[in-house]
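Q: Structure incoming, see below.
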Amino acid sequence: MELGDLKKLQRLVLSQNEITGSIPDSIYNMSALQTIDFGLNKLSGTLPSDLGRGIPNIELFLCGGNNLSGFISASISNSSRLAMFDLSDNSFTGLIPKSLGNLEYLEHLNLELNNFISDPSLSFLTSLTNCRKLRVLALGYSPLDGVLPASVGNFSKSLQTFEAPACKLKGVIPKEFSNLTGLIHMSLQYNELTGHIPNTVQGMLNLQQLYLFDNKIEGSIPDIICNLQNLGALDLSENHFSGSVPPCLGNMTCLRELYLANNKLDSRLPSSLGSLQDLIEFDVSFNLLRGEIPLESGNLKAATLIDLSNNYFSGKIPTTLGSLDKLINLSLAHNRLEGPIPESFGKMLSLEYLDLSYNNLSGQIPESLEALVYLKHMNFSSNKLSGEIPTGGPFENVTSQSFLSNDALCGDSRFNVKACLTKSTKKSRRKQVLTGLYILLGIGSLFMLAVGFVVLRLRNTKKSASQKDVSLVKGHERISYYELEQATEGFSEANLLGNGSFCRVYKGILKDGMIFAAKVFNVQL
850 MELGDLKKLQ RLVLSQNEIT GSIPDSIYNM SALQTIDFGL NKLSGTLPSD LGRGIPNIEL
910 FLCGGNNLSG FISASISNSS RLAMFDLSDN SFTGLIPKSL GNLEYLEHLN LELNNFISDP
970 SLSFLTSLTN CRKLRVLALG YSPLDGVLPA SVGNFSKSLQ TFEAPACKLK GVIPKEFSNL
1030 TGLIHMSLQY NELTGHIPNT VQGMLNLQQL YLFDNKIEGS IPDIICNLQN LGALDLSENH
1090 FSGSVPPCLG NMTCLRELYL ANNKLDSRLP SSLGSLQDLI EFDVSFNLLR GEIPLESGNL
1150 KAATLIDLSN NYFSGKIPTT LGSLDKLINL SLAHNRLEGP IPESFGKMLS LEYLDLSYNN
1210 LSGQIPESLE ALVYLKHMNF SSNKLSGEIP TGGPFENVTS QSFLSNDALC GDSRFNVKAC
1270 LTKSTKKSRR KQVLTGLYIL LGIGSLFMLA VGFVVLRLRN TKKSASQKDV SLVKGHERIS
1330 YYELEQATEG FSEANLLGNG SFCRVYKGIL KDGMIFAAKV FNVQL
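Written out as structure tokens, the structure reads:
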């Protein structure tokens, strides 16, 4: 028995296997089938030219992610109950049939990643506006090569997803898109769209994701885009936008992704962006932005990526960035930043990529960066850094390329920098300095003592002179020879203080305890 013999089978699901070969023609005649799901296999071959006629009750036809080729037959409209049609990621060619517009129950149409073509007016889009239940339309990565028609504004308000990236679309974004008030996701990146963002975009109040990157859109980023308060992802990078970064973007508190890179924006970075505390990825690289990096950037607590590289930012790196402990990727390269690398960077414990190259940074590379155990790439080259390169933590695995053109750096020979002073030399110099200080302190102390001694002697001299004057007024008491003999113990040799040519000097102690010296002259000479 073959699958085609199962006439009452309603659901045939063989997705996500390794099935090869072609789909048996008999399956397309199983009229009771409501679901065919052969997605994500290795099937090849083509679809039948009368696709739809033998499966009138089909609701889900899912063959995405295979190697199918050929074209879609206009007869697909015979499957009038079809709600989900997915042929994505195959090799289909040819025109997208206008007959798809006859499928009144169609909700999901995914034809992306094929080689479909269209007429220049993309007329199949106009026919699809008849599908009033259509919620998802994905056409990306096929060379449709045409201009978006104004008729896109006629899609029903039930349309939530419009995807047409890399379709060689030209012309301007139709202002009629504003009629699609139910649109949540809009992707028009990798095309050749020109002109400005239409002011009518402010009517798409339910929009959550807007991807317009890699086009040729010009002019300023309109403030009216800030009215899209539900927007969580905005990507306008790689266009020709000029002027300022709208400060009102700081009011879009639902933003999780903001990409403005590769434009010609030439303003300061608004401090109001610090209000986006749920912003995860922020990229304004390759613009003409100037001024200091706002301190408020440290309020982007949820950020995992911040790229401010290739601008004209100046001043010091805010220490507040060190509080971003969820940050994985930080690039400030190719700016005019100066001053030290903040010690606080050692607190960004999730950091894996750090690029500070091509600035005017000075001072030492903080040892605190040794704590960044997840840091895999770091670049400090082309700055004015000095001192010893740390060796612990992530510095164990970096090469000399991370430190090029910093002539005052020193450290391990593997970094191709000059050697630093050894620890013993440092200690010796420190000891010499300390010894010198001690000597200076000693000399200073001796000098102060000498000054004090001189002052004291001067005071004592004056005091002695005054006392002498008083004693002269008082006069000496007379001492008899008998008292002298008693006081010197009979002029004993034990009390002899000195012996000269003309006299001898004896020490004497009177009865009242007074000590005196008695000079006895030699009268026999």
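Counting in this note's numbering, the sequence shown runs from 850 upward without gaps. Every residue, glycine too, gets a C-beta built ideally from N, C-alpha and C.
Identify every run of the alpha helix (DSSP H) within the stretch 1330–1363, keeping only runs that are complete inside it and at least 4 residues long; order them along the chain.
A: 1330–1336
Q: Going by DSSP, which residues form a beta bridge with residue 1259?
A: 1237, 1267
Q: Going by DSSP in three states, residue 925 sits in which element: helix, strand or coil?
A: helix
Q: Hey, which unbroken runs of the beta strand (DSSP E) at 3 residues or more fall wholly within the stretch 991–1033?
A: DSSP runs (the beta strand (DSSP E)) wholly in the stretch 991–1033: 1010–1012, 1019–1021.
Q: Sort 1040, 1112, 1216 by Cα distance to residue 996 and report the nearest one.
A: 1040
Q: Using DSSP's beta-bridge definition, name the partner residues of residue 1132.
A: 1108, 1156
Q: Alpha carbon to alpha carbon, how far is residue 900 from residue 927? Give it in angstroms, no decimals.
A: 8 Å
Q: Whole angstroms are fine: how far does the CA of residue 1063 sit from the CA of residue 1017?
A: 11 Å
Q: Tell me whether the beta-carbon of residue 1249 lies closer than 7 Å to the beta-carbon of residue 1265.
A: yes
Q: Residue 1357 and residue 1367 look like a contact to me (Cβ under 8 Å); what is the Cβ gap, rounded to whole Å?
A: 5 Å
Q: Taking Cβ to Cβ, would you say residue 1153 is nearer than 7 Å to residue 1177?
A: It is a contact, given that the beta carbons lie within the stated cut-off.
Q: How close, in whole Å, do the beta carbons of residue 940 and residue 963 come, if the pair is a contact with beta carbons under 8 Å?
A: So it is a contact: roughly 7 Å between Cβ atoms.
Q: State the CB to CB distance for the pair residue 883 and residue 859, rounded to an integer number of angstroms; the pair is presumed to be in contact (CB under 8 Å).
A: 5 Å
Q: In terms of DSSP beta bridges, what is residue 1084 paired with?
A: In DSSP, residue 1084 forms a bridge with 1060, 1108.
Q: According to DSSP, is residue 867 part of a helix, a strand, or is it coil?
A: coil
Q: Spatial neighbours of residue 1086 within its chain, please: C-beta separation below 8 Å, excluding the five flanking residues on both sides.
A: 1062, 1063, 1108, 1109, 1110, 1111, 1112, 1132
Q: Return the first residue and the last residue of the beta strand (DSSP E) that residue 1042 is part of.
A: 1041–1043
Q: What residues in its chain sit with their C-beta under 6 Å from that of residue 863, if we drop five residues either side in the sequence?
A: 887
Q: Along the chain, where does the beta strand (DSSP E) containing residue 934 start, and where does it finish?
A: 933–935
Q: With DSSP run on the structure shown, which of helix, strand or coil describes residue 1182?
A: DSSP, read as helix, strand or coil, puts residue 1182 in coil.
Q: Identify whether residue 1161 lies in helix, strand or coil by the three-state DSSP scheme.
A: strand
Q: Measure how close the beta-carbons of residue 1104 and residue 1081 come, nearest whole angstrom, since I'm counting them as under 8 Å.
A: Indeed, because the Cβ distance is near 6 Å, the residues count as touching under 8 Å.
Q: Distance, Cα to Cα, residue 1079 vs residue 1044?
A: 25 Å
Q: Who are the near neighbours of residue 916 in its chain, counting only those whose CB is closer than 6 Å to its CB and skipping five residues on each side?
A: 893
Q: May I have the straight-line CA-CA distance separating residue 1267 from residue 1211, to the nearest angstrom?
A: 17 Å
Q: Out of 1146, 1142, 1140, which one is the CA nearest neighbour of residue 1126?
A: 1146
Q: Residue 951 bridges to which residues according to DSSP?
A: None, per the DSSP bridge assignment.
Q: Of the residues 934, 922, 977, which one's Cα is nearest the Cα of residue 958?
A: 934
Q: On the criterion of 16 or more Cβ atoms from any shown chain inside 10 Å, does residue 968 qualify as buried, or is it exposed?
A: exposed
Q: Where does residue 1050 fall in DSSP's three states?
A: helix
Q: Classify residue 1383 as helix, strand or coil using the three-state DSSP reduction.
A: The structure shown has nothing for residue 1383, since the chain only spans 850 to 1374.
Q: Determine whether the beta carbon atoms of residue 1144 and residue 1167 lie at a separation below 7 Å.
A: Contact flag set, yes.
Q: Taking residue 855 as the reference, give the member of 881, 1170, 1134, 1241 with the closest Cα.
A: 881
Q: Could you give the first and the last residue of the continuous beta strand (DSSP E) run that contains residue 1229?
A: It is not in any beta strand (DSSP E) - residue 1229 carries neither H nor E in the DSSP assignment.
Q: So for residue 1322, helix, strand or coil by DSSP?
A: Since pLDDT at residue 1322 reaches only 34, below the 50 mark, its modelled position is unreliable, and the value read off the structure follows with that caveat. Residue 1322 falls in the helix class under three-state DSSP.
Q: Tell me whether the beta-carbon of residue 1228 lies closer than 7 Å to the beta-carbon of residue 1251.
A: The answer is yes: Cβ separation under 7 Å.
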